[in-house]
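Participant: If you read the sequence shown in this note's numbering, its first letter stands for residue 1, the second for the next number, and so on.
All C-beta atoms, glycine included, are put in the ideal place defined by N, C-alpha and C.
Given the structure is predicted, the values throughout are model-derived calculations rather than measurements.
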Amino acid sequence: MKLLVAALATAAAQASPAVYPQQGAIGLAPPPGMAEAAGYTGFEDIATQRSIVLAELPPAAFDEMVRRLDTAPGGRLPNGVTLTGKGEAIIVADRTPARLYRGAQTVGGVAYTKWLLLAGGKTATALVTAQAPAATASAAAAGFEAALRSVRLRGAADLEASIAALPFAVGNRAGFRPVRTLMGSGLLLTDGPLDVDTDGAQPLVVVASSLGAVPVADRADFARKAVEATPELSRLTVLGAAVSSDGSLHTVAATAVDRARTITLRQHIRFLEGGGYIRIVCTSPVAEDIAGRCDRLAQSVTPRPR
């Protein structure tokens, strides 16, 4: 009977149209009772504490993520999830290869059953995480499995639609090329032919919003600490800082070492009235001066009306 229920749920999900939360690149047919989440990219059923979280990664991340999950000692991941066995190789929409993992995690004393799906598309890797309280997981299993098997990845033609759905607008891209949106709240841009630049040879711009953050009392200190906390950088040296005439845009310039390559880093943070901010970080090899272009882009970033 369980196999029949699962087969029927899968058939129903595959026949249902995919929903793309926050107009992102990843969509699926959500289980009955689950709606788009308000605070993250995904779906939720608050009454049953069930959730599905979607994350978009570079295309090259698929093989590396599969390797890490399949070789995790004892199936234990750094975030506290314990996987049950190795992933199941499946095919999702448009013949996209995927791996489906099952496991468990305890958070705040509550045990959860987890499902993780990795789908390796041509333009992105989808990481989809579903969870339900262990006490009710058996009732959720068929719906979750069907939803995960219905995952679809939209191509580059839909990128502009995803950009238009971001909570901010970039009026002047200053010659940078958009690559993808990030979790429905960020945008990655570059200048060069590569979408995934593992060597850090191309300029890179990341625009990310934190519109729900509380007001910041000391904006200059906040901006400097944000630069210093940028991950994967070493030997960071702050070269200078500036503030716009109205005090809303704080700029910090620095140099650092990233993957054995010396880079320049230019950060802008646009603080918003009532709290929240939009952070723009531009990095490039030291031989390529993109400061002026970065400034023009940052000055054109504005929040969309909510």
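Grouping DSSP H, G and I as helix and E and B as strand, with all else coil, what is R149?
Facilitator: What you label residue 149 is simply residue 149 of the sequence shown in a count that begins at 1. Of the three classes helix, strand and coil, the one that applies to R149 here is helix, per DSSP.
Participant: Indicate the three-state DSSP secondary structure (helix, strand or coil) for I23 in the structure shown.
Facilitator: Residue 23 sits at position 23 when you count from the first residue of the sequence shown. One point to set straight first is that residue 23 is Gln, not Ile, in the sequence displayed. In this structure, Q23 counts as helix in the three-state DSSP scheme.
Participant: Alpha carbon to alpha carbon, how far is L265 from S284?
Facilitator: For this step, residue 265 is matched to residue 265 along the sequence shown. For this step, residue 284 is matched to residue 284 along the sequence shown. Computed Cα separation, rounded: 7 Å.
Participant: Mark D289 as exposed unless 16 or more other C-beta atoms lie within 10 angstroms of its C-beta, in which case mark it buried.
Facilitator: Indexing the sequence shown from 1 puts residue 289 at position 289. Flag for D289 reads exposed.
Participant: Going by the beta-carbon positions, is the gap between A141 and T113 smaller than 9 Å?
Facilitator: Within the sequence shown, residue 141 is the residue found at index 141, counting from 1. Within the sequence shown, residue 113 is the residue found at index 113, counting from 1. Result yes, Cβ atoms of A141 and T113 sit closer than 9 Å.
Participant: On a Cα-Cα basis, can you pick out the residue from Y277, F144 and A29 that is closest to R152?
Facilitator: The residue labelled residue 152 in the question sits at position 152 within the sequence shown. Selected option, being the one with the closest Cα: A29.
Participant: Counting beta carbon pairs with one atom in the segment 169-184 and one in the segment 252-261, are three or more of them shorter than 8 Å?
Facilitator: In short, these stretches do not touch, since the Cβ pair count stays below three.
Participant: With three or more C-beta pairs closer than 8 Å as the rule, is the segment 238-245 touching the segment 196-210?
Facilitator: Short answer: they don't touch.
Participant: From P97, S150 and T82, pick the residue whose C-alpha is nearest to that of E309; which is it?
Facilitator: The chain is shown from 1 up to 306; residue 309 falls before or after that span and cannot be answered.
Participant: Is the segment 49-64 touching the segment 117-128, taking contact as three or more C-beta pairs under 8 Å?
Facilitator: Cβ pair count under 8 Å is three or more, so yes.
Participant: Which of the three DSSP states, helix, strand or coil, is assigned to L69?
Facilitator: Position 69 of the sequence shown holds residue 69. Three-state DSSP puts L69 in a helix.
Participant: What's the call for D246, buried or exposed, on a 16-neighbour Cβ count within 10 Å?
Facilitator: Here residue 246 refers to the residue found at position 246 when the sequence shown is read from its first residue. Burial call: exposed.
Participant: How many angstroms separate the CA atom of T82 from the CA atom of S248?
Facilitator: Sequence index remark: in the sequence shown, residue 82 carries index 82 (1-based). Sequence index remark: in the sequence shown, residue 248 carries index 248 (1-based). About 45 Å.
Participant: Which residues in the same chain have their Cβ closer than 6 Å to the Cβ of L116, if we skip the five residues on either side of it in sequence?
Facilitator: For this step, residue 116 is matched to residue 116 along the sequence shown. The answer, listed in chain order, is Y101 and T129.
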